[in-house]
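In this text, residue positions in the sequence shown follow the numbering used here: the first is 34, and each later residue adds one.
Note that the Cβ used here is the ideal one computed from N, Cα and C, for glycine as well.
Note that the structure is a prediction, hence the values are computed from the model and not measured.
Below is one structure, written out as structure tokens; comments come after it.
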Amino acid sequence: MHSDQEVNFLCDQNLGRLAKWLRIMGFDAEFMPFWDRAKMRSATSCGRVVLTRRKKMVDQKGFYVVDDDNIMNQLQSIEKRFHLRSKRRPFSRCCICNIELVSVEHQEVHDLVPEYVYSTQETFAKCPSCRKIYWKGTHIAKSIDFINRIGGKQ
Ligand SMILES: [Zn+2]
Numbered sequence: 034m035h036s037d038q039e040v041n042f043l044c045d046q047n048l049g050r051l052a053k054w055l056r057i058m059g060f061d062a063e064f065m066p067f068w069d070r071a072k073m074r075s076a077t078s079c080g081r082v083v084l085t086r087r088k089k090m091v092d093q094k095g096f097y098v099v100d101d102d103n104i105m106n107q108l109q110s111i112e113k114r115f116h117l118r119s120k121r122r123p124f125s126r127c128c129i130c131n132i133e134l135v136s137v138e139h140q141e142v143h144d145l146v147p148e149y150v151y152s153t154q155e156t157f158a159k160c161p162s163c164r165k166i167y168w169k170g171t172h173i174a175k176s177i178d179f180i181n182r183i184g185g186k187q
């Protein structure tokens, strides 16, 4: 696989937490709540990689078997396999909807976030689908810390 190519994912029903973290890191990661053959077929035909815990899928084209229960190890192995480290764009994507965030004007969020957030934060982004507002507050700092701890040289 060419290293500057964009990689998109489809996570199986056992990898919901992984999907959420991939999104937080800025990667396109769809989630399927059950083993959905049609969904997997259409995903792989578009070049999307299916991430699964099912070991028997190991030799299937378009599949990558995640062979670890630990979220940190899962992220590490996927970043390594698909050369993702340099492509991280934390907090560019909604972790619930898997949609890219759009930036919003400061005054636009006045009634949508707590007062102390409004007065202390400058940069806000919004999910065009669920309308969740994101800002670089403490929970984001913690997540960045978590992402940095994934580590691993490539
Ligand atoms: Zn959303």
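| Do the segment 50-66 and the segment 116-130 touch if we need at least three Cβ pairs shorter than 8 Å? | yes
| said: Is the beta carbon of Val-135 closer than 8 Å to that of Lys-159? | reply: yes
| said: Taking 7 Å as the cut-off, is the beta-carbon of Ile-177 closer than that to any non-hydrogen atom of ligand 1? | reply: no
| What alpha helix (DSSP H) runs, 4 residues minimum, are completely inside the segment 94-166? | 104-115 and 148-153
| query | What are the boundary residues of the beta strand (DSSP E) that Leu-43 is part of? | reply | 42-44
| Can the beta-carbon of Trp-168 be found closer than 8 Å to that of Phe-179? | no
| Through-space distance from Ile-177 to Pro-123, alpha-carbon basis | 8 Å
| Cα separation between Phe-67 and Ala-76? | 14 Å
| query | Taking the alpha carbon of Leu-48 as the point to measure from, which residue in Arg-87, Cys-79, Leu-145 and Lys-175 has its own alpha carbon closest? | reply | Arg-87
| said: I need the straight-line Cα distance from Asp-101 to Ser-78, nearest angstrom please. | reply: 26 Å
| task | In angstroms with no decimal places, state the Cα-to-Cα distance between Lys-72 and Thr-153. | result | 43 Å
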